[in-house]
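Protein chains in written order, with this note's numbering: chain A, 6 to 272; chain B, 5 to 266.
Glycine included, C-beta positions come from ideal geometry on N, C-alpha and C.
Each remark here refers to the structure printed beneath this line.
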Amino acid sequence: MQEPKIKFDHVTKVFQTRSQSILAVKDYSMEIAAGEFVSILGPSGCGKSTLIRMLDGIIDTTEGDIFIDGQKVNYAKKKMPQSILRKMGFIFQQPNMLPWFTVRENIALPLRVFDLKGPEWEKRVDELLELVGLTEYAKAYPAEISGGMLQRAGVIRAMVHDPEILLMDEPFGALDELTREQMNMELLDIWTRTKKTIIFITHNIEEAVLLSSRVYVMGTHPGRLVEIVDLDLPRPRTLSMITQPKFIQYREKLEGCIGEIDLSKIK
Amino acid sequence: MAKNEAITARKKKEKRDPKGIIAPLVVLAIIYIGLEIGLRAFHVAAYVMPTPTHIIQGTIKSFAIILPDFLFTLKIICIGFCVAIPAGILLAALFSQFDIVVKAMQPVVIWLVITPMITLIPLMTLWLGTDPNLRVIIVIIQATPIICMNTLNGFIHVEQEKLELAKSIGATKLQTFVHITFMNALPQVFTGIKLGCIFSTIGAVSADFVSRGQGLGDRIIKFLKYSNFEQSYGCIILIAIIGISLYTVAEKIEKRIVLWKK
Ligand SMILES: Nc1ncnc2c1ncn2[C@@H]1O[C@H](COP(=O)(O)OP(=O)(O)O)[C@@H](O)[C@H]1O
Ligand SMILES: [Mg+2]
């Protein structure tokens, strides 16, 4: 079998606060192949953000290991090296733009930090701005553009250093329904063209079915994997698929998984 | 392009808007005329308050006497202030590197801000001898803490998410400081600097009052002794002008640098 692009091997995360220790993720394992688009679905507080923050070196793991291309990437208490971080782009739930930089400066920030200089990278910034229709707002400050544009900027900032993996933490959750649908379609378009490996976090079942090839369903108390659902739907996906029987069948199945979680919580 | 043009157009309009200059001038003229008429109508004695015209006339007449003191005070304020800015920012940067130092130093800095340095001046005159130039030190210890306090506030209140962004791209400590922590604090740094203008002026004049011999503060007392009320008021206005000019320069620089805050 081909080596997985990303592998979680029995990963556990405990947050130690002053008053208590919180078991945020318990014994989580998954394997994702290169070029896959997978979703992690679960109710709020089940540890979804914690998972990809561990993968991206923002926080460390408590137990277990994480591998990218077969290389162990979780160093206890040590910063993840840039050579690994460069493989990933992180898209935050909020646009998380730095208000003191212009849109262009924000998007180019990873290039500055990764020390990627030269005309080819400048050109890449321009192309990405063009791709999401932000060219004319390049010199604007974040406070001067709309929420949808900000989130688009967040997406291309994560892509600017040409990472192989995109980690998206409920990226479009703060947007209105219409903008969200449009962004989802744009994202699928980007994925089809670039074949990046994408981990997409959401608590929206429809979104998970529409976008991904596989859904990891998580439950709370403690945060853990409860079900893996493979989605056998044709590509390219379109919004009209939402009404097709197969789509509805998957949606109901996932609703069932989530429902069981809620029941187990009541007990 | 439309949007970009709109943004630049708005910026230009703000710059050119003459209301910002004319309105204060009108107020100034009203105060001048009001005082002039009021003071004459009610026959207010000159030792309570001379009329503005007399203040200006008196000050111009004695300007040769005032000038050296004016230049001396200006020098003390400017040198002290120029040392206090980097000192305050640097100290804040140092403190902010360690949570424990922040906790330890914050009360000390606040304590220094609140203590009126004028209370220390008689003692300092003892320690430092009587070289008038040492008044710079008073200005520095008066202005540095307020700049440090504001800057430190900006340094330690950075959104967690912004620091996570830095982590996710593997930014070094220095890069994180330059691109995020420092930029985040800039508006507060300028608040500190503007307050520092006021504190520097207060520091310099109080030093004159206590140590005497030179400076605008000293000149005010000398004029009063010989009942030159117009000239005393003239000196007060000159001190105010020094403070306001520094403040205005700081504000102008802030507008040029902190472009993202409207
Ligand atoms: N820095 C932290 N310190 C303490 N507890 C945390 C921290 N981050 C997350 N948690 C806890 O871990 C659990 C999972 O959080 P999170 O991963 O953000 O969930 P999700 O993204 O699925 O909503 C929650 O109970 C949350 O309170
Ligand atoms: Mg989350």
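Using only CA atoms, which one of the options lies nearest to residue i?
{"i": "A/G159", "options": "A/I27, A/I64, A/R109 and A/I203", "result": "A/R109"}
{"i": "B/W115", "options": "B/I145, B/P90, B/I125 and B/I141", "result": "B/I145"}
{"i": "B/F203", "options": "B/I81, B/I257, B/P191 and B/L220", "result": "B/I81"}
{"i": "B/L71", "options": "B/L250, B/T252 and B/I224", "result": "B/I224"}
{"i": "A/I195", "options": "A/V222, A/I11, A/G40 and A/C51", "result": "A/G40"}
{"i": "A/P9", "options": "A/P239, A/T202 and A/E68", "result": "A/T202"}
{"i": "B/A244", "options": "B/L39, B/Q61, B/H47 and B/T77", "result": "B/T77"}
{"i": "B/G221", "options": "B/A211, B/E40 and B/D135", "result": "B/A211"}
{"i": "A/P48", "options": "A/N209, A/T184 and A/L139", "result": "A/N209"}
{"i": "A/V234", "options": "A/G153, A/E182, A/V220 and A/S151", "result": "A/V220"}
{"i": "A/L171", "options": "A/Y33, A/R58, A/L28 and A/T22", "result": "A/R58"}
{"i": "B/K226", "options": "B/I69, B/R139, B/V253 and B/E255", "result": "B/I69"}
{"i": "B/P1", "options": "B/S215, B/G158 and B/I60", "result": "The displayed coordinates of chain B run from 5 to 266. Any statement about residue 1 of chain B would go beyond what the structure contains."}
Under 7 Å from any heavy atom of ligand 1, does the C-beta of residue i make it?
{"i": "A/A179", "result": "no"}
{"i": "A/C262", "result": "no"}
{"i": "A/I27", "result": "yes"}
{"i": "A/K201", "result": "no"}
{"i": "B/G24", "result": "no"}
{"i": "A/T22", "result": "yes"}
{"i": "A/K31", "result": "no"}
{"i": "A/C51", "result": "yes"}
What are the residues that DSSP puts in a beta bridge with residue i?
{"i": "A/T17", "result": "A/E68"}
{"i": "A/D235", "result": "A/R219"}
{"i": "A/Q76", "result": "A/I73"}
{"i": "A/S26", "result": "A/Q21"}
{"i": "A/L298", "result": "Any question about residue 298 of chain A goes unanswered here, given that chain A covers just 6 to 272."}
{"i": "A/V43", "result": "A/I204 and A/R219"}
Hey, is residue i's beta-carbon within less than 8 Å of any beta-carbon in chain A?
{"i": "B/K166", "result": "yes"}
{"i": "B/A175", "result": "yes"}
{"i": "B/D21", "result": "no"}
{"i": "B/K7", "result": "Confidence is the limiting factor: at B/K7 the pLDDT is only 47, short of 50, which leaves the residue's position unreliable and the question unanswerable from this model."}
{"i": "B/K259", "result": "no"}
{"i": "B/S172", "result": "yes"}
{"i": "B/Q192", "result": "no"}
{"i": "B/A13", "result": "The pLDDT assigned to B/A13 is 48, lower than 50, so where the model puts this residue is not dependable, and the model offers no usable value."}
{"i": "B/H161", "result": "no"}
{"i": "B/I122", "result": "no"}
By the DSSP assignment, the alpha helix (DSSP H) with residue i in it spans what residues?
{"i": "B/V87", "result": "F67 to S100"}
{"i": "A/S49", "result": "Element bounds for A/S49: n/a, residue is neither H nor E."}
{"i": "B/F4", "result": "No answer is possible for residue 4 of chain B: it lies beyond the span of chain B, which begins at 5 and ends at 266."}
{"i": "A/F205", "result": "It is not in any alpha helix (DSSP H) - A/F205 instead sits in the beta strand (DSSP E) that spans T202 to T207."}
{"i": "A/D174", "result": "No alpha helix (DSSP H) holds A/D174; the beta strand (DSSP E) holding it covers I170 to D174."}
{"i": "B/M109", "result": "D103 to I118"}
{"i": "B/Q235", "result": "F233 to I261"}
{"i": "B/G38", "result": "K23 to A45"}
{"i": "A/D131", "result": "P124 to L136"}
{"i": "A/G178", "result": "Careful: A/G178 lies outside any alpha helix (DSSP H) and carries neither H nor E."}
{"i": "A/E110", "result": "V108 to V118"}
{"i": "B/V143", "result": "R139 to I160"}
{"i": "B/I225", "result": "L220 to K229"}
{"i": "A/I161", "result": "G152 to M164"}
Please confirm if residue i has its CB atom under 8 Å from at least one CB of chain B.
{"i": "A/K31", "result": "no"}
{"i": "A/L114", "result": "yes"}
{"i": "A/N79", "result": "no"}
{"i": "A/F20", "result": "no"}
{"i": "A/A148", "result": "yes"}
{"i": "A/F97", "result": "yes"}
{"i": "A/P168", "result": "no"}
{"i": "A/V137", "result": "no"}
Return the first residue and the last residue of the beta strand (DSSP E) that residue i is part of.
{"i": "B/A175", "result": "Premise fails: B/A175 is in no beta strand (DSSP E) and is neither H nor E."}
{"i": "A/I89", "result": "Run containing A/I89: none in the beta strand (DSSP E); it sits in the alpha helix (DSSP H), Q87 to L90."}
{"i": "A/M190", "result": "Per DSSP, A/M190 belongs to no beta strand (DSSP E); it is in the alpha helix (DSSP H), E182 to T199."}
{"i": "A/I96", "result": "M93 to I96"}
Say yes only if the C-beta of residue i is nearer than 7 Å to one or more non-hydrogen atoms of ligand 2, and no if none qualify.
{"i": "A/K18", "result": "no"}
{"i": "B/S249", "result": "no"}
{"i": "A/Q187", "result": "no"}
{"i": "B/S172", "result": "no"}
{"i": "A/E175", "result": "yes"}
{"i": "B/Q164", "result": "no"}
{"i": "A/S44", "result": "no"}
{"i": "A/Q98", "result": "yes"}
{"i": "A/S54", "result": "yes"}
*Would you list, in chain order, the members of the region 44-76 of chain B that have their beta-carbon closer than 8 Å to a beta-carbon of chain C?*
No chain C is part of this structure, whose protein chains are labelled A and B.
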